[in-house]
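Worksheet: the structure to be examined is printed underneath.
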Amino acid sequence: MSERTGSAEKFKPAKEEPLKEESISPKRVGLFVTCLVDLFRPTVGFAAVKLLEEAGCTVEVPMAQTCCGQPAYNSGDREDAAAIARQTIEAFEEFDYVVAPSGSCAGMLKKHYPSLLKGTSYEARAEAFSGRVHELVSFLVDVLGITEVPARHEGSVTYHDSCSGLRELGIQQQPRKLLSSVEGLELKEMQNSDVCCGFGGTFCVKYPDISNKIVEEKTASIEGAGADTLLAGDLGCLMNMAGKLHRQGSRVEVRHVAEVLAGMTDKPAIGGGGR
Amino acid sequence: MEIQSPQFKQKARKAIADEQLQRAMGKAKIGFVGKRKKAVDALPEFEDLRSSARAIKDHTLEHLDLYLEAYERKVIASGGQVHWAETAEDARQAVLSICRAAGARTVTKGKSMITEEIALNDFLEKEGVRPVETDLGEYIIQLRGEHPSHIIGPALHLNKEQVEEDFRRVHTELPAGRDLSQPESLLGEARHILRPQYFQADVGITGANFLVAETGTSIIVTNEGNGDLTQTLPRVHIVVASIEKVVPTLEDASQILRVLARSATGQDMSVYTTLSTGPRRPDDPDGPDEYHVILLDNGRSSMLGTEFHEMLRCIRCGACMNHCPVYHAVGGHAYGWVYPGPMGSVLTPSLVGVDKAGHLPNASTFCGRCESVCPMQIPLPRMMRHWREREFERGLNPATQRFGLGFWAFFARRPGLYRLATSMAIPALSGLAGRRRWFRSLPFAGGWTRHRDLPAPESRTFMQQWRDRETAKQEGGAS
């Protein structure tokens, strides 16, 4: 695994607040579902809830959430992005923690809201909010100190490091650590697991041919790993890779890593499993 | 060079279909990434060096005027001349007038991106001065009438078989039986042709990797030694460099040199690191009689103090493009101007205008790999986003994109309405997929389904299901 340590050079995860040993009451977690999970794959949301509840958290899902705002933010539309950021902060600031099953959305909430709202009346709130935001798997490992999960999954998996989670939040070892505790599971690393899959949010529809070229490289790496199942921590990347694998007639199943960790692989994989 | 960035999409598509190019890019990608990683892993202090290199440039940019003036004084004191050029045209004219004064018919050139930026070769040729590129890669693309596709590997887009073909076409005295199948034999052939040129040339033109304020020295790094011959043998040496190349001291330059080659080619140092200070002194064994420096601004000073200020730290190592999945997919020519890859996507709109270069900052997945390897820690994705913001403010994005985004944002800013709309649309879309659970095509989703299938939504939204769960819980608790 030492070969991978070089890629996250620049981005070190922000210092986590220490575990509050003294707090006896369960941690109140606000789940930021993410728009893609809400619309396309609720299973990931329920897997996140299960993992968090099993870890002793109480989970609430504020109804005033929609999307993290990245489509606007990354298209240069700061005004809409800032409005969505304020709305999200208002919906979530009462919680001890804000957890999202996505490195990309968590990165937006944690790293980009503060700079987006800098110099506005929300600046301080965005900073305080940022400190409470975590991506799901890194929250389980780094904040709650979980080292194993009671899940079982017969088969081999390969894990793609989604870019924002890897380079903005330093998520690399955490999912591998928990996956290694899943009974029956074998992790087969792919080549270049840290290289982008070509999704890039609106990029994949603005530049479909380039995106396709990049995802073709990725599916070749995935097939090369020889695993039954592809996992990652971001549904956008997963839908992109799953969509390409399916178009290519691949037999590799695609799932969010939380589904495996929560022991929910009895549900059909992305795209229903059927061909 | 005329900007062709507005045709980025068409050029990208062509590049992806170009098998020769794809073969060359495939090799380059593996080589650069692996070599850099090996060099960086072998140097435990590399991260600290990055930070100190960055600090040096930050400090210099804060006091750029002072260091440039100090540099000028030292150049003059060592017997050289400094020509300030605000625009590309000013720089071209300055080069031409020096060439005219020297009666130059032929000039040799070391590899220099800045002379590409000011399109010096075309200009000199029109004025009757013959430029001869002496870097192997530059020489090859000059023969082909092309521009560099990479800032440190100008002919990166070519395979050696293509180069052999070019040499056989142009070097008419070359015996047909001569083996040119290996890079070494190609280099040997180019050297054989180029060596006499150094002696014929009246002027040698190089760029600079650094200008040292402390001593008035210009520094170039090369691997072939052609730069040394270019600047030592002709009577006149012209250095063309942009203003952000200045660093305060030799010590600063040597600090940055430690990250430069490692980031670029994975070498500890380039084969040649050559320092030039003024013309030949009486006791020097060789060197030019005249030493000129053309200091080019060409829009850089207007980047100072803006969101693009940090781009001026760039030392042109190429690590960003070497690690960029988009660059790997389309190669350098698709970008349509001098500087490709992530650094080009930030710099090109700065130098030629976002109205002409709007595609470049958009054609990024924001994967962040460029920033993670940049030796100067330049936040390239952030600056590409700033260009997207400028573009959005000026209404330069296509109307369909703006409409789509506006439509989406209208709902995303109204959670109640969003909930209502998605709880109707998503189950309908899920039902539409039928038993197959995949869409091969879908209205308004052509960008997605051109190359991949779209998985259907599982069923109802998470929020719908969650509300049911909560309601059931409450009823269960109440009973």
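Protein chains in written order, with this note's numbering: chain A, 269 to 543; chain B, 3 to 481. We put the CB at the ideal spot given by N, CA and C, even for glycine.
8 Å contact criterion, which residue i and residue j should meet: CB distance rounded
| i | j | result |
| --- | --- | --- |
| A/Asp-496 | A/Ser-449 | A/Asp-496 to A/Ser-449, Cβ: 19 Å. No contact. |
| A/Arg-376 | B/Met-465 | Reading off the sequence, residue 376 of chain A comes out as Met, not Arg. Going by Cβ atoms, the distance from A/Met-376 to B/Met-465 rounds to 19 Å, so no, they are not a contact pair. |
| B/Ile-258 | B/Ala-30 | B/Ile-258 to B/Ala-30, Cβ: 24 Å. No contact. |
| A/Val-329 | B/Trp-468 | 5 Å |
| B/Glu-7 | B/Thr-473 | Checking the sequence, you will find Ser at residue 7 of chain B rather than Glu. With a Cβ gap of about 55 Å, B/Ser-7 and B/Thr-473 do not count as contacting. |
| B/Arg-471 | B/Ser-425 | In fact, because the Cβ distance is near 15 Å, the residues do not count as touching under 8 Å. |
| B/Pro-236 | B/Pro-290 | 6 Å |
| A/Ser-490 | B/Val-328 | As written in the sequence, residue 490 of chain A is Ile, which differs from the Ser given in the question. Incorrect: roughly 20 Å between the Cβ atoms, too far for contact. |
| A/Val-297 | A/Cys-325 | 4 Å |
| B/Pro-122 | B/Arg-102 | Before going further, note that residue 122 of chain B is Leu rather than Pro in the sequence given. That pair is no contact at about 15 Å. |
| B/Tyr-274 | B/Gly-229 | 7 Å |
| B/Lys-162 | B/Pro-185 | 6 Å |
Residue range of the beta strand (DSSP E) that includes residue i
| i | result |
| --- | --- |
| B/Arg-132 | 132 to 135 |
| B/His-65 | Here B/His-65 belongs to no beta strand (DSSP E), and DSSP marks it neither H nor E. |
| B/Lys-29 | First-last for B/Lys-29: 21 to 43, but that is the alpha helix (DSSP H), not the beta strand (DSSP E). |
| A/Ser-424 | 420 to 427 |
| B/Phe-212 | 212 to 214 |
| A/Val-417 | Segment: none, A/Val-417 is in no beta strand (DSSP E) and carries neither H nor E. |
| B/Ile-296 | 292 to 298 |
| B/Gln-257 | Taken as a continuous stretch (DSSP letters only), B/Gln-257 belongs to no beta strand (DSSP E), being part of the alpha helix (DSSP H) at 252 to 266. |
| B/Leu-277 | 274 to 278 |
| B/Thr-490 | Outside the displayed span of chain B (3 to 481) sits residue 490 of chain B, for which this structure offers no information. |
When the options are compared against residue i, the one with the closest alpha-carbon
| i | options | result |
| --- | --- | --- |
| B/Asn-324 | B/Ala-26, B/Lys-13 and B/Ile-18 | B/Ala-26 |
| A/His-524 | A/Pro-536, A/Gly-517, A/Val-366 and A/Gln-516 | A/Pro-536 |
| B/Glu-135 | B/Glu-91, B/Gly-112, B/Gln-379 and B/Pro-198 | B/Gly-112 |
| A/Leu-529 | A/Glu-322, A/Thr-302 and A/Val-297 | A/Glu-322 |
| B/Gln-12 | B/Ser-425, B/Asp-67, B/Gly-338 and B/Leu-158 | B/Gly-338 |
| B/His-294 | B/Ala-14, B/His-85, B/His-65 and B/Asp-50 | B/His-85 |
| B/Ala-489 | A/Gly-433, A/Glu-457, A/Tyr-381 and A/Phe-308 | As displayed, chain B neither begins before 3 nor continues past 481, which places residue 489 of chain B out of reach and without an answer. |
| B/His-453 | A/Cys-335, A/Gly-492 and A/Lys-512 | A/Lys-512 |
| B/Arg-442 | A/Gly-531, A/Lys-378, A/Arg-435 and A/Gly-517 | A/Gly-517 |
| B/Ala-44 | B/Phe-10, B/Phe-409, B/Arg-384 and B/Asp-270 | B/Asp-270 |
| B/Ala-484 | B/Ile-428, B/Leu-70 and B/Gly-81 | Chain B is shown from 3 up to 481; residue 484 of chain B falls before or after that span and cannot be answered. |
| B/Gln-144 | B/Ala-72, B/Asp-168 and B/Ala-41 | B/Asp-168 |
| B/Arg-371 | A/Leu-385, A/Ile-439 and A/Cys-431 | A/Cys-431 |
| B/Lys-128 | B/Glu-119, B/Ser-114, B/Leu-98 and B/Arg-146 | B/Leu-98 |
| B/Ile-142 | B/Gly-130, B/Leu-444 and B/Leu-158 | B/Leu-158 |
C-beta atoms of residue i and residue j nearer than 8 Å
| i | j | result |
| --- | --- | --- |
| B/Gly-449 | A/Val-473 | yes |
| B/Gly-320 | B/Ala-266 | yes |
| B/Ala-104 | B/Leu-138 | no |
| B/Ala-210 | B/Val-241 | yes |
| A/Leu-408 | A/Leu-319 | yes |
| B/Val-249 | B/Ala-215 | yes |
| A/Gly-504 | A/Phe-471 | no |
| A/Thr-533 | A/His-421 | yes |
| B/Ser-244 | B/Ile-116 | yes |
| B/Leu-188 | B/Val-205 | no |
| B/Thr-110 | B/Thr-279 | no |
| A/Ser-372 | A/Asp-502 | yes |
| B/Ala-331 | B/Ile-32 | no |
| A/Leu-447 | A/Leu-455 | yes |
| A/Val-522 | A/Leu-506 | yes |
| A/Val-366 | A/Phe-300 | yes |
First and last residue of the uninterrupted alpha helix (DSSP H) at residue i
| i | result |
| --- | --- |
| B/Ser-347 | 343 to 354 |
| B/Ser-187 | 185 to 202 |
| B/Gln-164 | 162 to 172 |
| A/Ile-357 | 346 to 360 |
| A/Gln-442 | 441 to 447 |
| B/Tyr-486 | The structure shown does not extend to residue 486 of chain B, since chain B is modelled only from 3 through 481, so no value can be given for it. |
| B/Tyr-141 | 138 to 146 |
| A/Ala-368 | Not the alpha helix (DSSP H): A/Ala-368 falls in the beta strand (DSSP E), residues 365 to 368. |
| B/Lys-128 | 122 to 128 |
| B/Lys-111 | First-last for B/Lys-111: 108 to 111, but that is the beta strand (DSSP E), not the alpha helix (DSSP H). |
| B/Trp-86 | Looking at the DSSP string, B/Trp-86 is not in any alpha helix (DSSP H); the run it does join, the beta strand (DSSP E), is 83 to 87. |
| A/His-514 | 503 to 515 |
**OP:** Tell me, please, whether the segment 412 to 429 of chain A touches the segment 384 to 402 of chain A by the rule of three or more beta-carbon pairs shorter than 8 Å.
**Re:** By the Cβ test, the segment 412 to 429 of chain A is not in contact with the segment 384 to 402 of chain A, since fewer than three Cβ pairs between them sit closer than 8 Å.
Subject >> Segment contact, 8 Å Cβ cut-off, at least three pairs: the segment 150 to 158 of chain B with the segment 334 to 348 of chain B >> reply: They touch, by the three-pair rule.
Original post:
Would the segment 169 to 183 of chain B and the segment 359 to 371 of chain B be scored as touching if the rule is three or more Cβ pairs under 8 Å?
Top reply: These segments do not touch.
Original post:
With a cut-off of 8 Å, do at least 3 Cβ pairs link the segment 295 to 302 of chain B to the segment 408 to 418 of chain B?
Top reply: Result no; under three Cβ-Cβ pairs closer than 8 Å.
Subject >> Three or more C-beta pairs below 8 Å linking the segment 305 to 321 of chain A and the segment 394 to 414 of chain B >> reply: Verdict: no, contact absent.
Original post:
Do three or more CB pairs link the segment 377 to 388 of chain B to the segment 303 to 321 of chain B at distances below 8 Å?
Top reply: Judged by Cβ distances under 8 Å, the segment 377 to 388 of chain B makes contact with the segment 303 to 321 of chain B, as three or more pairs qualify.
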